[in-house]
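**Student:**
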Amino acid sequence: MQGIGNGKCQICYNIGAMNDGNTLLGPKGQRQSPSTGDCAVRIEGVVREFGSVKAVDGLSLALAPGEIMGFLGTNGAGKTTTIKMIIGLLRPSAGKVSVFGGDPSDPAVRARVGYMPEVATYYPYLNARELLAFYGGICGLDAKLVKARTDELLESVGLSEAARRPLKTYSKGMLQRAGIAQALLNDPDLLVLDEPFTGLDPLARIHFRELLRSLREKGKAVFFSSHELGETELLCDRVAIMKHGHCVYQGAVKDLAGDGGSNLERLFLKTLEEAK
Amino acid sequence: MRHWALAFAAAAFAVLAIPSAMRRLCGDDAMPQVVRGEGALAVAFGDAREVLGRALVQKADSYFHGGIDMDCHVSHEAEREHHDEHNDEHEHHHDEWCGCEECAGGHEEQQEERAAFDPWAWINSRVRAPQEHMHLDGKKSVELIPWLWASVAADPHNIEAWTTAAYVAGDMMKDTDLALRIVAEGQAKNPKSVRLRFYEGRVRYARGKGDLASARAVFVSARDLAVSLGLDALPEEERTAYEFAGRFIEEIDRRTEK
Amino acid sequence: MKTAFRQFKALVKLSFLELWRRNDIFALVLLGLALMVPLSMASPFGADGASRYLDEAALLLVWGFSLFIALGSGQRLLAPEFEARTIYPLLAKPISRGRLLFGKYLGALAASWSALAFFYVLFVGSVLLRGGAFAAELPQALALHFAFIALAVAVSLLGSLLMSASANCALSSIVLVGMFFFGRRLPEYADGLNPALAWLVKAVYAIAPHAEFFDMRQRLVHGWGAVGWPVFAAVLCYALVYIAVLLGLASLALRRRRL
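Chains as they are written, first to last, in the numbering used here: chain W, 3 to 278; chain P, 132 to 389; chain Y, 1106 to 1364.
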């Protein structure tokens, strides 16, 4: 099921949104302001080439506010390249990427986006508080607001006690949580996460899942790539599967036939096999 | 793998081939190098000590001229005349090409070539040189001593450095005790130096009447040293010191006869 | 405007914290003390009263250490961000590449200048303790040295975007130190070469950053007095223009850098 057409966000229409330019309803019927009436992410026929290599070839998908989308695929499928285009680090060679109706490279659009990379060794000489204060400054946020958000975020990601330790003493999982905190600092409407579950212990994964669900309840959109099929199946509303730069499957997770477990894994393997 | 093998082969060739090539080029007597002198500096620097010593003497000379680099100095017309007048005293390199815009020295054709304005030279000549030419004298001459001390520490056989230091101490600072200490230390490291022996006599002579006898004795010992070393074998500076010592002896005899 | 100010402030604070927490400065100060204390206790030929050689040695150390800090600060601006992959969350924030580059540069500048100020406080304090004094040349010397450090950071920043860290440090050091000691002699060397090499040397003379313009050490040590204000202004303008060109090239390099 792919859903773009006629200049309207088909996905948003399909989940019951009324895009009359004045009001928009999210997937649970909650009202949203006109500024969030656009798709959170709209990718239309995007191609991205690096020399003679097509990392992404003809990708189209859309993500609505209040939706969590899982982006799956093998290594080198084009997931990270797609993510970089969504956050404005790369321009497509062809096609169009828009975030909340605007150009992703526009700072005003990026102010509504939070991003966490796959692996990041954050500044070793800073502690978690200073890291968030730094990113808060980069986002142009007021110092008082940053401080309040810092306290709140460190608590929610479980880093309050380690907040004053230098980041070079952090474990991989702790760095990952610090990364989540910085991605959420500016209260983004769109959260883009690259392999967010890497390095997290089971308890942290549960908390993180709850965090993402709470963001969805608030009408935020979440787009993440992952190799963790179990987590993806538990969290996502829809998934897209990439292979060799092509999107070989898009659909709602609830449409997968239920038999008690590993539906997504079976679908993943089957889709990749059929796409050979 | 192939790159590593090639690199190893090249390194092995260099290790084996270069020393034998050097032996052919430099002659057997140049290899291996023999360290002259004792101590860590001799081992670490070898013959480079001489170069270092000379460079430090030049630095002292630069200090004498108020910090100006003596290979390249700026002067107004008046200063140019001053240097032309005192050229013999200071051994300025007036006949050599100078990179400064207003330098008095230099061949005519080079000055013509520099007719085009060089903004970088304009800036350098104004930032890196004083507006007036200065010489250190009197007690301020003590600023030269550390550089001369460093020069003889680097190369204890640099007789010019010893004599310059003694000159600065005795003639400029008017501290003959210091000058004698310097000369004594120099002679301890260079017992076969006629110049240093002569210089000791000169310092004693400069002290005046009370030291004339001891000065004469030193001049005589300098001439005896020169004779014992063989006058024909002496370098020019040493022979000059031998001759000057003779003149001083004559002068002292003349004065004492009065 | 407020956003830009907050962004620059955050970037400056980052560089500042990193420099002072790395303890490089303190290591250099200890090294300086290890070199200067024995030197000041030396009594050449037993003669006391010489102090200019100490001032010159101290100033040479200040220049060497500040250059080390500046080149290191410039190198650590962006290259480590790419290596640690922190460039991605950074550029994903609402900040343009140009503003990021300039903010980073300001940060390295603030850090390097703070280190330089610290070194000069130690230097001036040591001179005053020995009974020395400074005149009008000190503020000028400080200003030119600060300008040189700004230039050195810009050189290192551009180099960090074009080559590896070790190559950048080596090349930047060779260029700046080489020009510092030999820059003004290049036309002289060129005269003795064949036409092709002479042209190359003259091109280097014309284009390379003339670090020697900023060197007022001899003025400070020997009390030559202040430089004429037109020359002083000319050197500062030279620094500003050169830095602008370097930052422009760095901005181009960053734009073309594959993320």
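The C-beta atom is built at its ideal place from N, Cα and C for all residues, glycine as well.
Taking the alpha-carbon positions, what's the R259 of chain P to F1318 of chain Y distance?
**Tutor:** Those two C-alpha atoms are separated by around 8 Å.
**Student:** Below 7 Å CB to CB, which residues in the same chain sit around V58 of chain W once its five sequence neighbours on both sides are set aside?
**Tutor:** Excluding sequence neighbours, V58 of chain W sits near V48, V49, R50, G80, T83, T84, G247.
**Student:** Taking the beta strand (DSSP E) that Y117 of chain W falls in, what are its first and last residues?
**Tutor:** Its beta strand (DSSP E) spans residues 115 to 118.
**Student:** Can you give me the Cβ contacts of E120 of chain W inside the same chain, cut-off strictly under 6 Å, excluding the 5 residues immediately before and after it?
**Tutor:** So the qualifying residues of the chain are D196, E197.
**Student:** In chain W, which residues lie less than 8 Å from S1201 of chain Y when you measure between Cβ atoms?
**Tutor:** Going along chain W in sequence order, the residues near S1201 of chain Y (Cβ under 8 Å) are P109.
**Student:** Using a Cβ cut-off of 8 Å, pull out every chain Y residue sitting near M118 of chain W, in sequence order please.
**Tutor:** Correct list: P1194.
**Student:** Measuring straight from C-alpha to C-alpha, what distance separates A277 of chain W and G78 of chain W?
**Tutor:** Going by the C-alpha atoms only, they are around 15 Å apart.
**Student:** Going by DSSP in three states, C249 of chain W sits in which element: helix, strand or coil?
**Tutor:** C249 of chain W: strand per DSSP, three-state reduction.
**Student:** Just reading off the beta strand (DSSP E) that S62 of chain W is part of, what are its end residues?
**Tutor:** 55 to 65 is the extent of the beta strand (DSSP E) around S62 of chain W.
**Student:** Would F136 of chain W count as contacting chain Y if we go by Cβ distances under 8 Å?
**Tutor:** Yes, contact with chain Y.
**Student:** Just mark S280 of chain W as buried or exposed, buried being the case when its beta carbon has 16 or more other beta carbons within 10 Å.
**Tutor:** Nothing about residue 280 of chain W can be read from this structure; chain W reaches only from 3 to 278.
**Student:** Using the beta-carbon count (16 or more within 10 Å), is C1274 of chain Y buried or exposed?
**Tutor:** C1274 of chain Y comes out buried.
**Student:** Please list, in chain order, the chain Y residues whose beta carbon lies closer than 7 Å to that of V273 of chain P.
**Tutor:** Neighbours of V273 of chain P on chain Y, chain order: A1152, G1154, A1155.
**Student:** By DSSP's criteria, A223 of chain W is part of a beta bridge. Which residues make up the other side?
**Tutor:** W:L192.
**Student:** Taking M1321 of chain Y as the query, report the chain P residues whose CB atoms sit under 8 Å from its CB, ordered along the chain.
**Tutor:** By Cβ distance, chain P contributes V258.
**Student:** Which residues in chain Y have a C-beta closer than 7 Å to the C-beta of I276 of chain P? List them in chain order.
**Tutor:** Within 7 Å Cβ-Cβ: P1149, F1150, A1152, A1155.
**Student:** Does I182 of chain W have its Cβ less than 8 Å from a Cβ in chain Y?
**Tutor:** I182 of chain W does not count as touching chain Y.
**Student:** Just to confirm the assignment, what range does the alpha helix (DSSP H) spanning G1328 of chain Y have?
**Tutor:** Run containing G1328 of chain Y: none; DSSP gives neither H nor E here.
**Student:** Ignore the nearest five residues each way along the sequence and tell me which others in G138 of chain W's own chain have a CB closer than 8 Å to its CB.
**Tutor:** Correct list, in chain order: A145, L147, V148, R151, T152, L187, N188.
**Student:** Output the distance between the C-alpha atoms of I89 of chain W and L1364 of chain Y, rounded to the nearest integer angstrom.
**Tutor:** Cα-Cα distance, rounded: 12 Å.
**Student:** How about V1282 of chain Y: is its C-beta nearer than 8 Å to some C-beta of chain P?
**Tutor:** It does not; no Cβ of chain P falls within 8 Å.
**Student:** I'd like to know if W1329 of chain Y contacts chain P, where contact means its C-beta is closer than 8 Å to some C-beta of that chain.
**Tutor:** Yes, because at least one Cβ of chain P sits closer than 8 Å to the Cβ of W1329 of chain Y.
**Student:** According to DSSP, is P1208 of chain Y helix, strand or coil?
**Tutor:** The question names Pro, but residue 1208 of chain Y is Gly in the sequence shown. In the structure shown, G1208 of chain Y sits in a helix (DSSP, three-state: H, G or I).
**Student:** For H217 of chain P, does the three-state DSSP call read helix, strand or coil?
**Tutor:** Per-residue confidence for H217 of chain P stands at a pLDDT of 48, beneath the threshold of 50, marking its modelled position as unreliable; no derived number is given.
**Student:** With DSSP as the reference, label E388 of chain P as helix, strand or coil.
**Tutor:** Reduced to three states, the DSSP call for E388 of chain P is helix.
**Student:** Excluding the 5 residues preceding and the 5 following E239 of chain P in the sequence, name in chain order all residues of the same chain whose CB lies nearer than 7 Å to its CB.
**Tutor:** Confidence at E239 of chain P is low in this model, with a pLDDT of 44, below 50, so the placement of that residue should be treated as unreliable; the coordinate-derived value is given next. Correct list: empty, nothing qualifies.
**Student:** Please state if the CB of G221 of chain W and the CB of G72 of chain W are separated by a distance shorter than 8 Å.
**Tutor:** No, the pair does not count as a contact, with Cβ atoms beyond the cut-off.
**Student:** Are R1157 of chain Y and E263 of chain P close, meaning C-beta to C-beta below 8 Å?
**Tutor:** Not closer than 8 Å, so no.
**Student:** Residues of chain W with CB closer than 9 Å to the CB of R1190 of chain Y, please, in chain order.
**Tutor:** The contacting residues are P119, E120, V121, A122, T123.
**Student:** Tell me whether F1239 of chain Y sits in a helix, a strand or coil according to DSSP, three-state version.
**Tutor:** Here F1239 of chain Y sits in coil by DSSP.
**Student:** Report all residues from its chain with a CB closer than 6 Å to the CB of D226 of chain P; omit the five preceding and five following residues, and keep chain order.
**Tutor:** The pLDDT assigned to D226 of chain P is 35, lower than 50, so where the model puts this residue is not dependable, and the model offers no usable value.
**Student:** Counting Cβ pairs closer than 8 Å, one from the region 283 to 294 of chain P and one from the region 313 to 326 of chain P, do we hit at least three?
**Tutor:** Touching, per the Cβ criterion.
**Student:** When DSSP builds the beta bridges, which residues end up paired with P168 of chain W?
**Tutor:** Note: P168 of chain W sits in a beta bridge opposite W:N129.
**Student:** Taking the Cβ atom as the reference point for each residue, do A1175 of chain Y and I1279 of chain Y lie within a distance shorter than 8 Å?
**Tutor:** Not a contact, by the Cβ cut-off of 8 Å.
**Student:** Among W:E267, W:E235, W:E275, which one has its Cα closest to the Cα of K316 of chain W?
**Tutor:** No answer is possible for residue 316 of chain W: it lies beyond the span of chain W, which begins at 3 and ends at 278.
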